[in-house]
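Visitor: Take a look at this one; I'll ask things after.
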Amino acid sequence: MATYSLNINNEQHTFEASEGTSLLWILREHLGLTGTKYGCGIAQCGACTIHVDGTPVKACMLQVQNFGNGQKITTIEGLSENADHPVQKAWIEVQAPQCGYCQSGQIMQAAALLKEDSQPSREKIKSYMNGVLCRCGTYLRIIDAIELASSKKPLT
Amino acid sequence: MPKTAKVVNRREFLKSSSGVALFIGVSGILPQLISCKDVKAMRNQLKQHQLTAWVHLNEDGEITIYNPAAEMGQGSMTSLPLLFAEEMDADWSKVKVEFSPQVAEIYGGKGWAPDSKLMFTVGSRTTNSYYHTMRKAGAQARYVMLNSAAKHWGVPISELTTTASTVFHKKTKKEIRYGALVPFLVLTEELPDFTFEQLKHPKDFRLVGTDIPRTEIPSKVNGKAQFAIDIRLPDMVYGVLERGKRHGARPTLLNEAEILAQDGVLKTIPYAYAIGIVANTLEQALAAKRLLKIDWSASDASGFNSQEVYEAYDKIAAQQETGKVVVEKGDIGNAMRKASKTFTSDFKNDYIYHAQLEPLNAVIQVAEDLESAAVWVGSQQGFDTKLGVPDILGISPEKVTVHLHYLGGGFGRRSMNDFVEECAVLAKEMAPRPVKLIWTREDDVTHGAFRPISLQRLNVYLDAKGQLDGFSHMVVGDGGNLVASGVHNDYYAIPNQFAEWREISHGVRLKHWRSVGHGPNKFAIECMLDEVAMDQGMDPVALRRTLMANSPRALATLEKVVELSDWNGSIAQDRAKGMAFVEHGSLGTGVCEISVDTATGKIKVHHFWIALDAGVIVQPDNVKAQMEGGIIMGMSSVLNERITIKNGEVQQSNFHNYPLLRMEDVPDSIETALITSSEIPEGVGETATPMVAGAIANAFLKLTGKKLRHLPFTPERVLEVLNG
Ligand code: FES
Ligand code: FES
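Residue numbers (this note's numbering), protein chains in the order written: chain A, 2 to 157; chain B, 6 to 729.
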């Protein structure tokens, strides 16, 4: 066991854990940030997508000891103050979620996409979002939501 | 996040209600209005029925409606309360929704047996089975409002009207909000037992049929929606199981001492088919699981190779003796004997897996004296009372409280209680510490309960005039209704019909998978029709039009989708359209447009169109979402998915070798036209999925002249067919 201190959603979290523990279990089970989901544990489903310094990454592939050097970790809980990120608003507007389990990952990936490219083409959306699975089949609504969020106002 | 309404705790209930709440019970069970002002009456009532009922109204006009069904993305958290609110004439903006307690005698819907009640979210029955119940209870709630206002104003109840949580008396121009009526609520001995005819006519619906945003969606975009896997309790420990790849194999643990010596490991627990480990943290439990050395016994599945077994199916199909007869209409033997032409085709399908995105899990806390337990779970609520937990613990069902959470996908997998029972075993061992049991994705795949493989042998007989006179459908496979559902052709006017099921078993775990046998069977039926149409030089639409002559509702979906998809319009040379009709409660005809990469064998679906008759549509946009999801899941299963078994062992383990459809492969559009109707709502969750295989194969037939007859249509299989 060692002590780690991570910057998550602009808050410093200090806790004990064993080296090698996946960031996903740290977020979910140690810190209670359960919006980030477990779906596969092998970088195949994207349900665990978070941002590290603004880049979308899969938390299940990361280990706790590599993230105590001031990196800024953002989870779905920290994406916006009142769930008012344009992507979240667009998601509600098109009623994208079904079971909802994949949606945190979808939203985090989409938010990163729009930050990188405020007016992505449909093809770009598909390739950028391709790593996030949705078993309920909400893909077409997700595309609609991203297009809606991108046309409403470009993100800064 | 919606709370589960509190069960039993009367003191807390009285305190929180502080004399202003109103409780209305479902008729026949709690046929009284209980005002909290009359604490004594309420106490008496609660002694008999320690439960809240359908609705709770406070002086601010806030209305809480309890949803009795599981929410797995199908929208029950909105659709059922909406039916109640419609009849109550409630102001929807003042409505809150909570899960009802898990007590079937009060909150159950129509069970399978007559007069039985079940809390059971399966078979796309949610809206259908609660349609009358929710509306009647809502009408009773409205009656209470009307009756109270009538007494308060001293006017006849017949002169009152309501809209949006307000009672009006036209003559005196009086009006009062439901919330403001709370102090004047009048107790009646009994509530009227509204018949179906006394409820609103669908054309008068104000809420039902409009696009009301789903109540639980905001919590699904900010990470707050609580799935059972998200539950954390003080002092909680973590459980995992190693179950082995061969279903039914018994384990012998070879290194127990080593496992128990691992960091944080608290216990190992043997099951008949698994070894369980409990540890302080999830990572410790998983690390210990990886170290397990287990010797697995043989099982019924030993020696079974799923890809080589179809020969055995052929043999069974060739036997003279018929199996269990499922459909018998007219005289199929006669149709066969006098046939001017006979068509015979075989259809096959491999195993598939649910792949609900939230792996199975549960949290259970057993009391120190082992006499009671609490369960946090995402469940479709199976047949067993309280999910089988009382039996495991040897206690009565009342001693088990179930907190129902959102389901990260159900698709039939979560109406089986295996994961809940496993957790109960661990929690009993660890009492009073709560245990969270998590299945890894690998566990979820390898110890899945699959849609069975099957063989469909269809024979179609034309009479002397070339009319479709006989239709015979044989299913060979494991699991009875799991393979035999969907063989009925009630909407096709075929005079002689016969369907039978012949059994074979492989010791592999099986389960309902979204739309069950309808997937393989509708595939077979719809392909067979196009085969006949092609041979007879008929358009597939023309053939179905004739067959649907006596089924106006089915026919309307056909005509509508022909229009929607521009069936007769021009189309790029390298593309073709195909269609399939499905009945699964609701009726739908689907059309897809595909192309095929002849170099790789990859099928691309460009568009999907559906026309659906589902009776009264409670939430149109949500029904469309179900169609979209059903088509995507259907495409995924039809184009990509298969579980294979070698020497009894499941060969797949995670999404790298069990690939689901990804965004790059979605069609450009999925369009749904909903047919207007005032008939009772029918399920919509499983009507789209079984359209996909038939529609794609029929488009493929038109495009290439070749027949796809074995699911899934992987690129290799498509190439084989193209080159064959
Ligand atoms: S859980 Fe990390 S990608 Fe699936
Ligand atoms: S909404 Fe259920 S997995 Fe995406």
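Just so you know, even glycine gets a beta-carbon here, dropped at the ideal spot from N, CA and C.
As the structure is a computational prediction, the values presented were derived from the model and not from experiment.
Considering only residues of the same chain and omitting the five flanking positions on each side of ILE27 (chain A), which have a CB-CB separation below 7 Å?
Guide: ALA18, VAL65
Visitor: Could you list which residues in chain B have their beta carbon closer than 9 Å to that of SER19 (chain A), in chain order?
Guide: ASP268, GLY269, THR286, GLU288, GLN289, ALA292
Visitor: Interface residues of chain A around LYS225 (chain B) at Cβ under 7 Å?
Guide: PRO98, GLY101, GLN104
Visitor: Does the beta-carbon of LYS175 (chain B) have 16 or more other beta-carbons within 10 angstroms, so that it is buried, or is it exposed?
Guide: Exposed, by the Cβ-count rule.
Visitor: Taking just the CA atoms, how far does HIS715 (chain B) sit from LEU463 (chain B)?
Guide: Taking the CA atoms as reference points, LEU463 (chain B) sits about 14 Å from HIS715 (chain B).
Visitor: Following a CB-centred definition, is GLN45 (chain A) positioned closer than 7 Å to any heavy atom of ligand 1?
Guide: yes
Visitor: Reducing DSSP to helix, strand and coil, say where LEU679 (chain B) ends up.
Guide: strand
Visitor: My understanding is that ALA731 (chain B) touches LEU592 (chain B), with C-beta atoms under 8 Å, so please give their C-beta distance in whole angstroms.
Guide: Nothing about residue 731 (chain B) can be read from this structure; chain B reaches only from 6 to 729.
Visitor: Against chain B, does CYS137 (chain A) count as a neighbour if the rule is that its beta carbon must be under 8 Å from one of theirs?
Guide: yes
Visitor: On the premise that ALA432 (chain B) lies in contact with VAL425 (chain B), defined as a C-beta separation below 8 Å, what is that separation, rounded to the nearest angstrom?
Guide: Not quite, the Cβ-Cβ distance comes to about 10 Å (not below 8 Å), so this is no contact.
Visitor: In this structure, how does DSSP classify GLN96 (chain A) when only helix, strand and coil are distinguished?
Guide: coil
Visitor: In the DSSP assignment, the alpha helix (DSSP H) including GLU508 (chain B) goes from what residue to what residue?
Guide: That residue, GLU508 (chain B), is in no alpha helix (DSSP H); its beta strand (DSSP E) goes 501-508.
Visitor: Closer than 6 Å between the C-beta and any heavy atom of ligand 2: which residues qualify, listed along the chain?
Guide: A:PRO98, A:GLN99, A:CYS100, A:GLY101, A:TYR102, A:CYS103, A:GLN104, A:CYS135, A:ARG136, A:CYS137, A:THR139, B:GLY78, B:LEU362, B:GLY414
Visitor: Would you say GLY42 (chain A) and THR257 (chain B) are within 8 Å of each other, going by their C-beta atoms?
Guide: no
Visitor: Since VAL537 (chain B) is in the alpha helix (DSSP H), which residue starts that stretch and which ends it?
Guide: Residue range 523-540 is occupied by the alpha helix (DSSP H) that includes VAL537 (chain B).
Visitor: Going by DSSP, what residues sit across from GLN13 (chain A) in a beta bridge?
Guide: A:ASN8
Visitor: How do the stretch 130-143 of chain A and the stretch 650-669 of chain B stand: do at least 3 beta-carbon pairs fall below 8 Å, yes or no?
Guide: Pairwise C-beta distances place the stretch 130-143 of chain A in contact with the stretch 650-669 of chain B, as three or more of them are shorter than 8 Å.
Visitor: Return the CA-CA distance between GLY244 (chain B) and VAL566 (chain B), expressed in angstroms with no decimal places.
Guide: 50 Å
Visitor: So, is SER98 (chain B) buried or exposed, given that buried needs 16 or more other C-beta atoms within 10 angstroms?
Guide: exposed
Visitor: Do you know offhand how far TYR411 (chain B)'s Cα is from VAL380 (chain B)'s?
Guide: Cα to Cα, the separation comes out at about 14 Å.
Visitor: In chain E, what lies closer than 8 Å to HIS661 (chain B) by C-beta?
Guide: As a matter of chain content, chain E is missing from the structure shown, whose protein chains are A and B.
Visitor: Judging by CA-CA distance, which residue of B:TYR278, B:ALA277, B:GLU261, B:ALA284 is the nearest neighbour of ASP268 (chain B)?
Guide: B:ALA284
Visitor: Considering only residues of the same chain and omitting the five flanking positions on each side of LEU362 (chain B), which have a CB-CB separation below 7 Å?
Guide: GLY413, GLY414
Visitor: Per the DSSP calculation, THR273 (chain B) is bridged to which residue(s)?
Guide: B:ILE282
Visitor: Which partner residues does PRO57 (chain A) have in the DSSP bridge list?
Guide: A:HIS52
Visitor: Write down every uninterrupted run of the beta strand (DSSP E) in the stretch 295-349 of chain B whose length is 3 residues or greater and which is fully enclosed by it, in chain order.
Guide: 299-301, 329-334
Visitor: Does ligand 1 have even one heavy atom less than 7 Å from the beta-carbon of LYS565 (chain B)?
Guide: no
Visitor: Could you pull out every residue in the same chain whose Cβ sits closer than 6 Å to the Cβ of PRO36 (chain B), ignoring the five residues on either side in sequence?
Guide: Any reading at PRO36 (chain B) is ruled out, since the residue's pLDDT is 38, under 50, leaving its predicted position unreliable.
Visitor: Quick check: does the Cβ of LYS329 (chain B) come within less than 7 Å of any heavy atom belonging to ligand 1?
Guide: no
Visitor: Could you confirm whether any beta carbon from chain A is found closer than 8 Å to the beta carbon of ASP602 (chain B)?
Guide: no
Visitor: Is the beta carbon of VAL726 (chain B) sitting closer than 8 Å to the one on LEU713 (chain B)?
Guide: yes
Visitor: May I ask you to verify whether the stretch 671-685 of chain B touches the stretch 619-634 of chain B, counting CB pairs closer than 8 Å and requiring at least 3?
Guide: yes
Visitor: Regarding TYR39 (chain A) and ligand 1, is the C-beta to nearest heavy atom distance less than 7 Å?
Guide: yes
Visitor: Under a three-way DSSP split, which group does THR167 (chain B) fall into?
Guide: strand
Visitor: Between the stretch 612-640 of chain B and chain A, which residues of the former have CB atoms less than 9 Å from a CB of the latter, in chain order?
Guide: ASP626, ASN627, ALA630, GLN631, GLU633, GLY634, GLY635, ILE636, ILE637, MET638, GLY639, MET640
Visitor: Give the DSSP-derived three-state secondary structure of ASP240 (chain B) in the structure shown.
Guide: Looking at ASP240 (chain B) - three-state DSSP - the assignment turns out to be coil, as it is neither helix nor strand.
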